[in-house]
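**Student:** Okay, here's the structure, questions in a sec.
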Amino acid sequence: MPAEHDEQAAKIRAIVARCLAGESLAATELVDRFRQQVFGLAYRMLGQREDAEDVTQETFVRALRSLRSWDENRDFIPWLLAIAGNRCRTFLAAKSRRPKFASECDHLPDPAPSPAAVRTLAEEVELALSGIRTEYRQAFVLFHEQELSYSEIAQALGCPVGTVKTWVHRARRELIDRLRARDVVGEQNSAVRRI
Amino acid sequence: MQCEEFESRLNDLLDERRNPLDDATLAAHWNVCSPCAALVRGQDALLEGVAAWKKVEPSADLTERVIRQWESIQAQPGYGQSTEWDSAELPSLLPIGLVKAERSGGFWSDRRNQLMAGAAFATAAVLMVVASLDSFRKPGDRVPVALRTPAEQSVPMAGASKIVAGPNVKTAGNPQGMASQITFASLPLVEQVTETYRPLLEETDRTFRKSLGWLPIPAGSQWLTQDVVSGTIKATDPLRDNSNLAQRKPAEDASWDAFAPEQVAPLTHNAVRSVVALLRVLPGVEQPTHQ
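Residue numbers (my numbering), protein chains in the order written: chain A, 7 to 201; chain B, 395 to 685.
The following block contains the structure:
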């Protein structure tokens, strides 16, 4: 596993070096390599495909502009996801300041999950996720969906590993409470299933 | 096992990506504790829901859009004319950190005011250059050792000599007689430029630091910042924590205009380009070559 990690890191360093040398194909390769991961995080953070695409685009442009400041001794993915997380938070902050009518008119084709329209367990979890604190949400998604390690998440969020763990634990607890509040998880009516 | 221990162990197992349903110790407790059994059911449902999330794919043309935008940025006038001084030296000479946080709105939200301020900064930069031309070092002057890094200093020089900087350079305490060997002309071109105009750049930096205190930062914003000395990255709410601002920069791109791009970018763009343009035409400075 460490050997594989080192190999991946070497590949990324090589792509970054080519980007810095002005090779546009390398920039394309870099974006293609990480677009799914960045978009996935943005989508879970923002809940809207269109917003997530805008933030993803902005993230990559910023990353390309700032490649020189990336310390190649550190992992690239947490650095990139730190930019994405910052862009998401800035986007959410800007959106919360926008007049309500404007945000209601936005993104009509792709609305956030509404409590009434949610049918599946996956949608219930998405709905619950949209209601918890931004840091909890980001930490939860990075750990459980993107399967980053705690140390990688700590790098991406710029806080100690202990804090990240606390956020993930609280996220789980809060999500369960929300699922219970919507009767998605029964209190007494079913035995714990064995896997 | 107490319920607190149960939850703690449950979290530990989940943190290790192990299945708590396979843990006999936990099972012994949830079989007799209905709240903890409900908690396990909740965790199970939660993770099942996450596993069932559909993989979301960005649009097929996302990469193309990114590259197009990236290329248009690179094609902007001035971008990529990366002489050594505007790509590397200027940011290091303008180490402005997180700006003072204030509520948004007011003077700086108005684009016309931003443009006026940008023009004012550019004018101030010109005036500073003109006013201080006489005091700048000229080719042939010697350069203060203290401004060079220890690694760049020759060993006998380090700590052994004292050079007084300025137009009328003097040397003192030079038992090895090496100070006189380091002349302005012997330095690499980029060092000649930055040493010559360092006072101007530092003054510009101070002016910016003072004025940036007025700039608004949106309420409720939070950014990751990186301590420029230790490299530590932390989340910062600029409205609550504005201590030690000069020592911080945004972690994401080390660019301080990222904090309030709409407000700061026009100012820095104008002022930095003015300074760079002046550097290119001022006497005593050879034009750097692109690398």
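We put the CB at the ideal spot given by N, CA and C, even for glycine.
1. Quick check on serine 155/A: does DSSP put it in helix, strand or coil?
2. Kindly indicate which residue of Val22/A, Phe82/A, Ala177/A has the alpha-carbon position closest to the one of phenylalanine 149/A.
3. With 16 as the cutoff for other CB atoms within 10 Å, does arginine 184/A come out buried or exposed?
4. Using CA coordinates, which residue listed in Tyr156/A, Leu133/A, Ala160/A, Glu13/A is at the minimum distance from glycine 443/B?
5. Can you pull the chain A neighbours of aspartate 409/B, defined as C-beta to C-beta under 9 Å?
6. Check whether the segment 59-76 of chain A touches the segment 21-38 of chain A, taking contact to mean three or more Cβ pairs, one atom from each stretch, closer than 8 Å.
7. Should arginine 24/A and glutamate 78/A be called a contact, given that it needs their Cβ atoms to be closer than 8 Å?
8. Please confirm if the segment 72-91 of chain A is in contact with the segment 151-171 of chain A, defined as three or more CB-CB distances below 8 Å between the two stretches.
9. Check whether chain A comes within 8 Å of glutamine 396/B, counting only Cβ atoms and requiring the distance to be less than that.
10. Report yes or no: do three or more beta-carbon pairs, one from the segment 52-60 of chain A and one from the segment 86-98 of chain A, lie closer than 8 Å?
11. Are there three or more Cβ pairs, one per stretch, closer than 8 Å when the segment 158-175 of chain A is compared with the segment 420-434 of chain B?
12. For proline 485/B, which of helix, strand or coil comes out of DSSP?
13. With 16 other CB atoms within 10 Å as the buried threshold, where does glutamine 437/B fall?
14. Output, in chain order, the set of chain B residues within a Cβ distance shorter than 8 Å of aspartate 38/A.
15. Look at the alpha carbon of aspartate 57/A and the alpha carbon of arginine 188/A, and state the distance between them as a whole number of angstroms.
16. Taking 8 Å as the CB-CB cut-off, is tyrosine 142/A touching chain B?
17. Could you tell me if alanine 431/B is buried or exposed, where buried requires 16 or more neighbouring beta carbons within 10 angstroms of its beta carbon?
18. Within the continuous alpha helix (DSSP H) that includes leucine 181/A, where are the two ends?
19. Under the assumption that tryptophan 447/B contacts glutamate 29/A (Cβ atoms under 8 Å), give the Cβ distance between them as a whole number of angstroms.
20. Under 6 Å Cβ to Cβ from threonine 62/A, same chain only, skipping five residues before and after it: list those, please.
21. Where does asparagine 92/A sit, in a helix, a strand or coil, going by DSSP?
22. Give the interface partners of valine 460/B over in chain A, defined as CB-CB distance under 7 Å, in chain order.
23. So which residues of chain A does valine 342/B contact, with C-beta pairs closer than 7 Å?
24. Can you list, in chain order, the residues of its chain with a C-beta nearer than 8 Å to that of cysteine 427/B? Leave out the 5 residues immediately preceding and following it.
25. Using a Cβ cut-off of 9 Å, which residues of the segment 15-47 of chain A contact any Cβ in chain B, in chain order?
26. Evaluate aspartate 535/B with the Cβ neighbour count: other Cβ atoms within 10 Å of its Cβ, from every protein chain shown; 16 or more gives buried, anything less gives exposed.
27. Of all Cβ atoms in chain B, is any one closer than 8 Å to the Cβ of serine 109/A?
28. Just checking: is the beta-carbon of alanine 469/B within a distance shorter than 8 Å of some beta-carbon in chain A?
29. Check whether chain A comes within 8 Å of arginine 688/B, counting only Cβ atoms and requiring the distance to be less than that.
30. Does valine 426/B get closer than 8 Å to chain A when you measure Cβ to Cβ?
31. In angstroms, rounded to a whole number, what distance separates the CA positions of alanine 16/A and glutamine 161/A?
32. Ignore the nearest five residues each way along the sequence and tell me which others in isoleucine 268/A's own chain have a CB closer than 7 Å to its CB.
33. Distance check for aspartate 417/B and serine 402/B, CA to CA, integer angstroms please.
34. Report yes or no: is there a C-beta of chain B within less than 8 Å of the C-beta of proline 117/A?
35. Taking all protein chains shown into account, do 16 or more other C-beta atoms lie within 10 angstroms of the C-beta of threonine 126/A, making it buried, or fewer, making it exposed?
**Tutor:** From the atom records:
1. Coil.
2. Ala177/A
3. buried
4. When C-alpha distances from glycine 443/B are compared across Tyr156/A, Leu133/A, Ala160/A, Glu13/A, the shortest belongs to Leu133/A.
5. Phe149, Tyr156, Lys171, Val174, His175
6. Contact between the segment 59-76 of chain A and the segment 21-38 of chain A is present, with at least three C-beta pairs closer than 8 Å.
7. Glutamate 78/A sits away from arginine 24/A, with the two beta carbons spaced by 8 Å or more.
8. yes
9. no
10. yes
11. no
12. Because proline 485/B sits at a pLDDT of 39, beneath the cut-off of 50, its placement in the model cannot be relied upon, and the point is left open.
13. buried
14. Thr457
15. 27 Å
16. no
17. buried
18. 167-187
19. 35 Å between Cβ atoms; not a contact.
20. Val44, Phe45, Ala48
21. Assignment of asparagine 92/A by DSSP, reduced to helix, strand and coil, places it in the helix class.
22. In chain order: Val37, Gln63, Phe66, Val67.
23. Here chain B covers residues 395 to 685 and nothing more, so residue 342/B does not appear.
24. The residues are Cys397, Phe400.
25. Gly28, Ser30, Ala33, Thr34, Val37, Asp38, Arg41, Gln42, Val44, Phe45, Gly46
26. Low confidence applies to aspartate 535/B: its pLDDT is 44, below 50, so where it sits in the model is not reliable enough to give any reading.
27. Caution applies to serine 109/A, whose pLDDT of 44 falls short of 50 and renders its modelled position unreliable; the model cannot decide the point.
28. no
29. This structure cannot settle anything about residue 688/B, because the visible part of chain B is limited to 395 through 685.
30. no
31. 19 Å
32. A question about residue 268/A goes unanswered here, because the residues of chain A that appear run from 7 up to 201.
33. 13 Å
34. Summary for proline 117/A: the model assigns pLDDT 43, below 50, so the residue's position carries little reliability, and this model does not support an answer.
35. The residue is exposed, with fewer than 16 neighbouring Cβ atoms inside 10 Å.
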